[in-house]
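Reading through the structure tokens given below for one structure.
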Amino acid sequence: MPLRLLPFLLVVFVTLSCEQKDTLPILSKAENADGQTVYKAIPDFTFINQDSQLVTPATFEGKAYIADFFFTSCPTICPIMSQNMLGLYEAYADEPRLAFLSHTIDPARDTVAMLKHYATNLGVEDQRWHFVTGPKDSLYAIADDYFNVVVEDPTLPDGFDHSGRFVLIDPRGYIRSYCNGTQPNEVEAFKKDIENLLHEMENPDTAH
3 MPLRLLPFLL
13 VVFVTLSCEQ
23 KDTLPILSKA
33 ENADGQTVYK
43 AIPDFTFINQ
53 DSQLVTPATF
63 EGKAYIADFF
73 FTSCPTICPI
83 MSQNMLGLYE
93 AYADEPRLAF
103 LSHTIDPARD
113 TVAMLKHYAT
123 NLGVEDQRWH
133 FVTGPKDSLY
143 AIADDYFNVV
153 VEDPTLPDGF
163 DHSGRFVLID
173 PRGYIRSYCN
183 GTQPNEVEAF
193 KKDIENLLHE
203 MENPDTAH
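For the sequence shown, my numbering gives the first residue as 3, with consecutive numbering after it.
Shown next as structure tokens:
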């Protein structure tokens with residue numbers, strides 16, 4: 003092969019590699035404005051994390067993050083979700099552009115100290131994963147924006163009913179992907195969407 007062709011082939015290879023990345027759709031709530039689809043970002047919020055620090059959208063400036071809803075005394079799906087989220091947290095240990103946000107749905111019992119204990123037991127020791135609490139109304143209202151179902155149900159043994167979704171949010175506050183956080187196969191497939199979003203963040207011209 004003539005050496006003069008190598009630069010050309012390298013450009014073709016890089017181009018094809020980039021084209022293999024899928025552009026994720028925006029899955030956020032939307033409304034029609036003058037014939038245009040306008041997507042709604044996750045609304046402003048202020049919660050407090052396991053280290054007594056305020057967590058707001060500014061906490062995730064320039065970052066993507068994965069959100070879920072749980073409570074520390076949950077005996078059913080939450081332990082499974084936490085372990086699967088921990089797997090993602092560990093898989094992206096060297097990726098500063100990806101953060102994690104877990105909201106309690108039981109703020110009466112999940113104090114800052116309880117959330118700290120829970121995070122420590124999982125092995126979370128840095129500021130990439132925030133376990134947050136706040137006013138119950140605020141927590142339950144924002145769950146709907148993340149397409150998570152959260153309700154109190156006294157007929158259930160643990161008193162709550164909630165979905166186990168992991169939701170991927172881009173730096174603009176838009177939902178780009180989600181999966182069932184209790185299903186390891188779905189969480190594994192979810193990684194591809196995370197990779198695609200991180201690639202998009204490197205190449206903003208590919209964004210919606």
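Note that the Cβ used here is the ideal one computed from N, Cα and C, for glycine as well. Since the model is a prediction, treat every value here as computed from it, not as a measurement.
Asked                                                                                             : Found
Buried or exposed by the 16-neighbour rule on C-beta atoms within 10 Å, applied to residue 110    : exposed
Reduced DSSP secondary structure (H/G/I, E/B, other) of residue 181                               : strand
Candidates 40, 53, 31, of which the one nearest residue 135 by Cα                                 : 53
Cutoff 8 Å; reference residue 97; Cβ partners in own chain excluding five residues on either side : 200
Exposure label - residue 125; buried when at least 16 CB within 10 Å                              : exposed
Residue 45 versus 171, 118, 117, 25, residue with shortest Cα-Cα distance                         : 171
CB of residue 149 within 9 Å of CB of residue 29, strictly                                        : yes
Rounded distance between the beta-carbons of residue 101 and residue 65, thought under 8 Å        : 5 Å
Residue 47 versus residue 137 - alpha carbon distance                                             : 11 Å
Entirely enclosed beta strand (DSSP E) segments - the segment 59-95, minimum 3 residues           : 66-72
8 Å CB neighbourhood of residue 151 in its chain, flanking five on each side removed              : 145, 163, 164, 165
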